[in-house]
Structures are given as C-alpha cells and as structure tokens.
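Read the structure below first, then the notes.
There are 2 protein chains.
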Amino acid sequence: MDTMQKYLSIAQDLTNKIKHGQYTEGTLLPSETILANLYGTSRATVRKALVELTENGLIQKIKGKGSVVLDTAKFTFPISGITTFTELNRNQQMNAVTTVLALEDRPLPAEIMKQVGRHLDPAATFIQRLRTVDDEAIVVDEDYLLKSVVPEVPEIVAQGSLYEYMEDTLNLNIAYATKTITVEPMDEAICAKLHLETANLAVVVRSLTYLNDTTFFQYTRSIHRPDRFKFVDFARRKHLVAKKF
Amino acid sequence: MDTMQKYLSIAQDLTNKIKHGQYTEGTLLPSETILANLYGTSRATVRKALVELTENGLIQKIKGKGSVVLDTAKFTFPISGITTFTELNRNQQMNAVTTVLALEDRPLPAEIMKQVGRHLDPAATFIQRLRTVDDEAIVVDEDYLLKSVVPEVPEIVAQGSLYEYMEDTLNLNIAYATKTITVEPMDEAICAKLHLETANLAVVVRSLTYLNDTTFFQYTRSIHRPDRFKFVDFARRKHLVAKKF
DNA sequence: TAGTGGTCTAGACCACGCG
DNA sequence: GCGTGGTCTAGACCACTAC
Chain A
1 MDTMQKYLSI AQDLTNKIKH GQYTEGTLLP SETILANLYG TSRATVRKAL
51 VELTENGLIQ KIKGKGSVVL DTAKFTFPIS GITTFTELNR NQQMNAVTTV
101 LALEDRPLPA EIMKQVGRHL DPAATFIQRL RTVDDEAIVV DEDYLLKSVV
151 PEVPEIVAQG SLYEYMEDTL NLNIAYATKT ITVEPMDEAI CAKLHLETAN
201 LAVVVRSLTY LNDTTFFQYT RSIHRPDRFK FVDFARRKHL VAKKF
Chain B
1 MDTMQKYLSI AQDLTNKIKH GQYTEGTLLP SETILANLYG TSRATVRKAL
51 VELTENGLIQ KIKGKGSVVL DTAKFTFPIS GITTFTELNR NQQMNAVTTV
101 LALEDRPLPA EIMKQVGRHL DPAATFIQRL RTVDDEAIVV DEDYLLKSVV
151 PEVPEIVAQG SLYEYMEDTL NLNIAYATKT ITVEPMDEAI CAKLHLETAN
201 LAVVVRSLTY LNDTTFFQYT RSIHRPDRFK FVDFARRKHL VAKKF
C-alpha cells in the first residue's frame with residue numbers, strides 16, 4: 001500500500017530525478033505551476049515538497065526565476081549532519097564491523113541527569129561498541145537507553161542498529177536531539193581501544209535524544225579518532241527570528 | 001515601517017514570549033485555531049510561524065494534542081550550528097578582541113577552486129584574523145572573499161563583521177553554506193599564534209558560502225584551539241527523503 | 001465526542017527577474 | 001508585460017489524543 005503523503009512522494013521523486021541526473025546541476029526545475037499540473041496536485045503541495053529539497057541542499061529557489069538544481073555531487077553522500085558510525089555506514093559503502101564491548105545495566109551518569117531532569121528514573125541499559133573499518137578502530141560508541149522507554153536490548157540488536165529496533169520493533173517515534181562536538185583527552189582504556197598515539201585527544205560527540213512526546217530516552221557518547229573524524233553540514237542563512245549561522 | 005511578513009512577526013512574537021517565560025517549558029501553546037484568531041490571520045500562516053519555532057528547537061508539535069514548549073534554557077545561547085567566532089560573540093557576552101593579522105590580495109587556493117568550479121576568477125581578498133577572549137587566543141579565522149563579488153574590503157570592515165558589511169552595505173543576499181569540521185595538525189606559525197602545546201592538533205572548520213543566486217563568493221578556514229572548541233546542534237529526525245540523523 | 005495538529009485544495013495578490 | 005516564486009486566505013477532510 002502507498003499511504004505516503006503526496007508531498008513526500010513528490011519530494012522523493014524529485015530527489016531521485018536530481019540524483020539520477022534527470023535534472024542536472026545549474027538548470028532550473030519546471031516551475032511550481034507546471035509541477036503542480038505534472039503531479040496532479042495544488043501548488044501548495046508542490047511547494048511543501050520543494051521545501052524538503054531546499055532543506056537538504058538539493059535546490060536553491062530564486063524569486064522571479066525558478067528553482068536551481070545545486071551541485072549535489074559535491075555533497076555526495078554525507079548530505080548533512082552525519083556524525084555517528086551507523087549513519088556513515090548506512091550512507092556509504094564501507095567494510096565496517098561492529099564489536100559489542102559491553103551490554104549491561106548502568107544508571108544514567110549524574111551530569112546527564114542534571115540536564116534532562118532529576119525526576120527521571122536513571123535506570124538504563126549501557127551499550128559500548130567498537131566500530132572498525134578496514135581493520136582499523138575508528139569509533140567507540142557508548143549508549144545509555146532508559147529502561148522506562150526501552151525495557152531491554154537483545155544482544156542481536158546491539159550488534160546491529162538500535163534505531164531500527166526502536167522504530168520498527170518498538171514503534172517508538174524518535175523526534176529530535178541536541179548534539180555537542182568537543183575535543184577532549186581520553187583515559188588509557190579508550191586510548192588503547194582506538195590506538196591513539198601522539199596525543200590522547202579524541203573527538204567526542206554527545207547526543208541527547210527525545211521521542212515525539214518530548215520524553216528523553218537516550219544519551220550517546222561517541223568517541224572518534226581525531227584523524228578519521230569528519231563532520232559535514234549544509235546550513236542556510238537565517239534572518240530575524242534566530243541566527244543559525 | 002513594518003514590512004515584515006506576517007508569519008515572521010508571529011514567529012518573532014511567540015519566540016519572545018517563550019524566551020521571556022510567558023509560555024513556560026512543558027506547557028502547551030494555544031491551539032493553531034486560537035492563535036489564528038489572536039493574530040487575526042489564517043491557520044496556514046500560524047502554522048508557517050510554528051515551523052520556524054520547530055526548526056529552532058523551541059517547540060515540539062504533537063498531533064491531536066498541541067505544541068509543547070521545550071526547555072530552551074538547556075540550549076541557552078548557541079541555539080544551533082554556531083561555530084565561528086563572530087557568531088559566538090554576537091550571541092554571548094564575551095570580552096572579545098579581534099586582531100587583523102593580514103589583509104591582502106591572494107588568489108583562492110587551488111584545492112578550493114577544484115570544488116567550486118574552474119571557470120571562476122580566483123582573484124580574492126585574503127583576511128587573517130586572530131580572535132582573543134579574556135587575553136587568550138582562541139581562533140584564527142582565514143577568509144577568502146572573491147573580488148568578483150566583493151571588490152574591496154576596507155580595513156575597518158575587517159576589524160568588525162564581514163557579514164554586516166556584505167549584507168547591509170553591499171546588499172548581498174547570503175543564502176547557504178557547506179561546512180566541514182575536522183581535526184588536523186597545524187604548522188608552527190599557527191601553533192604559535194594559538195599557543196598549542198602538548199599536541200599540534202587544532203579543530204578546523206571550513207565553510208564554502210554562496211549567495212541567493214547560487215554564486216560562490218567566500219571560503220573560510222577557521223582554526224580553533226581544541227580545548228576551547230564546542231559545536232552545538234539541534235537536529236530533527238528525517239524520514240524517507242533524506243536521512244539527517 | 002470534541003479538539004488538536006497534518007494534509008490538501010483553489011483561489012488571490014505581491015515582488016522579483018528577464019526580455 | 002509575463003512568468004516566476006513568496007505570502008496569505010477560507011475552506012475541507014483526516015488521524016490522533018483525551019475524556
């Protein structure tokens with residue numbers, strides 16, 4: 001069954017046509033009125049689809065002119081904000097291996113409890129995983145999953161994708177996250193796992209992730225080898241309401 | 001004169017009311033129909049305003065329930081994607097000083113020319129600036145501004161904000177940028193300026209910035225002391241069209 | 001059942017780019 | 001002057017939440 005909303009399927013279709021070269025870099029998409037006729041829909045719906053492409057850096061709209069297809073080849077795979085290993089792995093072809101180092105009960109760290117609210121039950125599942133690409137240790141991921149939301153994490157799930165399990169099996173509605181990126185010295189245990197040599201510095205990506213109903217459920221600390229870390233972002237200039245860059 | 005669009009002024013008003021505590025964390029905003037009546041507009045316009053708040057991490061909409069005000073205090077100042085010194089300085093209270101180290105003609109580096117297109121004229125103005133907070137050197141910013149777009153950069157502008165000059169004086173329409181964050185070893189000149197000690201590693205933020213008509217005009221290399229670098233982001237879960245996290 | 005947000009329509013007027 | 005995208009309206013139906 002095709003229960004997808006109209007504007008999303010239009011966005012999907014246009015995205016595919018751009019990525020497959022049917023609409024090429026530097027040219028204009030058909031006008032909104034023409035697209036509305038093509039897809040048998042209203043202009044408002046087409047515009048909603050084009051907002052998706054705009055946010056993903058695929059087109060740039062110019063008033064009075066049209067929608068210019070941007071050079072998406074430059075953004076090839078990491079189209080935006082890709083930081084964690086799973087995301088990279090999903091979007092790129094990598095010879096990647098995940099090793100589960102720990103899977104146990106461990107309460108949410110106190111400093112995180114302070115940020116997300118003291119009223120919460122700190123009981124959580126702790127998962128530590130080592131990510132290896134081409135026999136080289138790249139990332140150590142440490143996840144805390146609140147038991148109140150995810151009662152248990154089977155070993156097989158830890159080996160694969162936590163998000164697939166939560167979204168497809170548990171039907172959880174993951175909505176948003178706050179992330180920070182810093183560079184910090186690490187202890188010996190981590191240094192040994194990532195083979196950090198000259199300096200003991202690593203890139204640390206911390207994420208606090210929330211469900212659609214605003215309940216906090218996951219804290220992730222992702223520790224990257226600095227020489228293999230790369231964060232790519234596409235940002236649009238914001239005006240007036242809140243400066244974004 | 002107040003030529004601002006209706007939806008933006010509504011977004012502005014709601015943002016202020018949230019930041020000033022008139023709508024408090026965890027409570028619901030008035031429904032979209034009520035807001036439409038309050039502001040004397042249609043529901044569609046209110047919804048467009050609410051999209052702005054959603055993207056800025058101020059509210060979470062829940063179908064059938066309402067718009068929940070999120071804890072904006074947690075995201076205090078760097079609401080999203082703030083990386084460069086100027087942005088930080090604008091949004092925070094800092095005892096900050098800018099020193100212009102270089103202001104001269106210098107062509108765009110060859111590796112950047114490859115990315116933005118060989119047909120461009122590489123003639124550019126090079127600006128190197130040292131950012132100091134509380135007498136501590138934090139960031140070295142290196143900007144290349146294409147002469148074809150920005151013919152000249154007065155000394156006074158280099159001392160202050162390039163973007164204010166370009167937007168307010170030159171009336172340029174800055175639209176979007178691609179950014180990368182990496183960690184790299186730096187040469188002695190940079191190490192000396194930032195007083196890098198134990199390791200010669202620094203955080204490098206590279207930005208390619210474009211105008212509304214898709215012309216490339218600026219390359220920035222921002223070199224941060226790793227122990228003072230912090231990148232904060234608010235990300236929403238994307239589905240189907242393009243994975244964002 | 002009543003109220004909410006999510007989607008969609010069919011119109012309208014405006015500001016802008018371009019010939 | 002014409003076509004473009006940007007804004008806005010007044011309606012409609014649906015899926016979801018809560019009672």
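In order, the protein sequences belong to chains A and B.
Read in order, the letters of the first sequence are residues 1 to 245 in UniProt numbering.
Read in order, the letters of the second sequence are residues 1 to 245 in UniProt numbering.
Built from N, CA and C at the ideal position, the CB exists for glycine as well.
Here the structure is a predicted model, which is why all the values come from computation and not from measurement.
| Asked | Found |
| --- | --- |
| Bridge partners of B:Phe126, per DSSP? | B:Glu104 and B:Tyr144 |
| Measure how close the beta-carbons of B:Ile223 and B:Val139 come, nearest whole angstrom, since I'm counting them as under 8 Å. | 7 Å |
| Any beta carbon from chain A within less than 9 Å of B:Ile127's own beta carbon? | no |
| Looking at chain B, is there any beta carbon in it that lies within less than 9 Å of the beta carbon of A:Pro226? | yes |
| With H, G and I counted as helix, E and B as strand and the rest as coil, what does DSSP make of residue 248 of chain B? | In the structure as shown, chain B begins at 1 and stops at 245. Residue 248 of chain B is therefore absent and cannot be evaluated. |
| In this structure, what does DSSP give as the bridge partners for B:Ala96? | B:Val133 |
| Is the distance from the Cβ of A:Arg43 to the Cβ of A:Glu32 below 9 Å? | yes |
| According to the neighbour-count rule (16 or more other Cβ atoms, all chains shown, within 10 Å of its Cβ), is A:Leu194 buried or exposed? | buried |
| Tell me, please, whether the CB atom of B:Ala235 is closer than 9 Å to any CB atom in chain A? | yes |
| Checking contacts by CB at 9 Å: is B:Lys230 closer than that to chain A? | yes |
| If distances are taken between C-alpha atoms only, which option among A:Pro107, A:Lys19, A:Glu188 and A:Val150 comes closest to A:Arg118? | A:Pro107 |
| Answer with yes or no whether the minimum CB distance from B:Ile138 to chain A is below 9 Å. | no |
| From A:Thr45 to B:Leu146, what does the alpha carbon distance come to, in whole angstroms? | 38 Å |
| Checking the sheet assignment: what are the DSSP bridge partners for B:Arg221? | B:Glu142 and B:Arg206 |
| Do you know whose CA, among B:Phe231, B:Phe229, B:Ile181 and B:Asp187, lies nearest B:Thr220's CA? | B:Ile181 |
| Of all Cβ atoms in chain A, is any one closer than 9 Å to the Cβ of B:Asp213? | yes |
| Using the DSSP secondary-structure output, state which residues sit across from B:Tyr176 in a beta bridge. | A:Arg236 and B:Tyr210 |
| Are A:Phe216 and A:Val116 closer than 9 Å when you measure CB to CB? | yes |
| If you measure beta-carbon to beta-carbon, which residues of the stretch 163 to 190 of chain A are closer than 7 Å to chain B? | Ile174, Ala175, Tyr176, Ala177, Thr178, Lys179, Thr180, Ile181, Thr182 and Val183 |
| Is there at least one Cβ from chain B nearer than 9 Å to A:Leu201's Cβ? | yes |
| Please name the residue, chosen from A:Ala96, A:Phe126, A:Asp141 and A:Leu29, that lies closest to A:Asp134 on a Cα-to-Cα basis. | A:Ala96 |
| Which residue wins for smallest C-alpha separation from A:Ile174, given the options B:Met186, B:Ile62, B:Asp168 and B:Arg47? | B:Ile62 |
| So A:Ser9 is in the alpha helix (DSSP H); what residue range does that whole segment cover? | Lys6 to Lys19 |
| When you compare only the Cα positions, how much space is there between B:Ser80 and B:Phe234? | Its pLDDT being 42, under 50, B:Ser80 is placed unreliably in this model, and the value from its coordinates should be taken loosely. Between B:Ser80 and B:Phe234, the C-alpha separation is close to 6 Å. |
| Of the choices A:Asp105, A:Glu188, A:Arg47 and A:Val205, whose alpha-carbon is the least far from that of residue 246 of chain B? | Because residue 246 of chain B is not part of the residues shown, which for chain B are 1 to 245, the question remains open. |
| Thinking C-alpha only, which one of A:Leu70, A:Ile10 and A:Thr98 is nearest A:Arg47? | A:Ile10 |
| Rounded to a whole number of angstroms, what is the C-alpha to C-alpha distance between B:Pro154 and B:Tyr163? | 13 Å |
| Examine chain A for any beta-carbon lying closer than 9 Å to the beta-carbon of B:Ile223, and answer yes or no. | no |
| Taking A:Ile62 as the query, report the chain B residues whose CB atoms sit under 7 Å from its CB, ordered along the chain. | Asn212 and Asp213 |
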